[in-house]
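Let me begin by presenting the structure, written as structure tokens, before commenting on it.
In this note's numbering, the protein residues as written are 1 to 254.
Shown next as structure tokens:
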């Protein structure tokens, strides 16, 4: 993809140190420059018995090791108290699970240069995400990404309104399309979420044609064996062909 386009990719959750390094190297081989993303603790799993990850201390150690190898790294947090150690480990302010960020003091502890990715809640209108961006910008940090990941549509279903991408771009910040969570079917498998990965490519093509600044995609070499969100993950060997199609679309749309 062109330099101006940001690719964020990785597994949903850290499964092991070996697996993290394997996927990071494979994605780099396929895509070149990218940002590796994985969670150290999936506190929002559907079932209490689902795998959550290695936890804060071990997970950040693994991600810090990846950063030492030269990879750019992003992770997510569920509580403001996790922001400081996570940012120290990955060198980038992590993205909160809420559409509105924590109170200002949590942000002021980090340097202004750090990126902050905000996922638009699947219950929030694209117009309202501007309030979240303003709250972060008020701390002096303007390196903000706004992420579209679909909107709730009845039970266990999401839809992507491409108008949202255009609306969010008007706030002046880069817009990232979350291609895999947008095809998730929340809670549709009883104690786990389902997914429709066959729609990852067509939705990504549409988002790039609309003019998004980047793509977030969860990838796994064997989604059926993934410990989290395998039902909506992109199979690793499909990443290269997808990126090539998106490159051609973006060049034609520019």
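Beta carbons are placed, not taken as given, at the ideal position from N, Cα and C, and that holds for glycine.
{"Asked": "Own chain, CB closer than 7 Å to residue 278, minus 5 neighbours either side, in chain order", "Found": "The structure shown does not extend to residue 278, since the chain is modelled only from 1 to 254, so the question has no answer here."}
{"Asked": "Proximity below 8 Å, CB of residue 126 to CB of residue 164", "Found": "yes"}
{"Asked": "Top-ranked residue by Cα proximity to residue 121, from 160, 89, 137, 88", "Found": "160"}
{"Asked": "Rounded separation between residue 210 and residue 246 - CA only", "Found": "12 Å"}
{"Asked": "Where residue 196 sits in the DSSP three-state scheme", "Found": "coil"}
{"Asked": "Residue 232, buried or exposed, once every other Cβ within 10 Å from all chains shown has been counted against 16", "Found": "buried"}
{"Asked": "Cross-strand partners of residue 214 (DSSP beta bridge)", "Found": "6, 176"}
{"Asked": "Secondary structure of residue 77, DSSP reduced to three states", "Found": "strand"}
{"Asked": "7 Å Cβ shell around residue 151 - same chain, five flanking residues per side excluded", "Found": "122, 158, 159, 161"}
{"Asked": "Short Cβ contact (8 Å threshold) for residue 24 with residue 66", "Found": "yes"}
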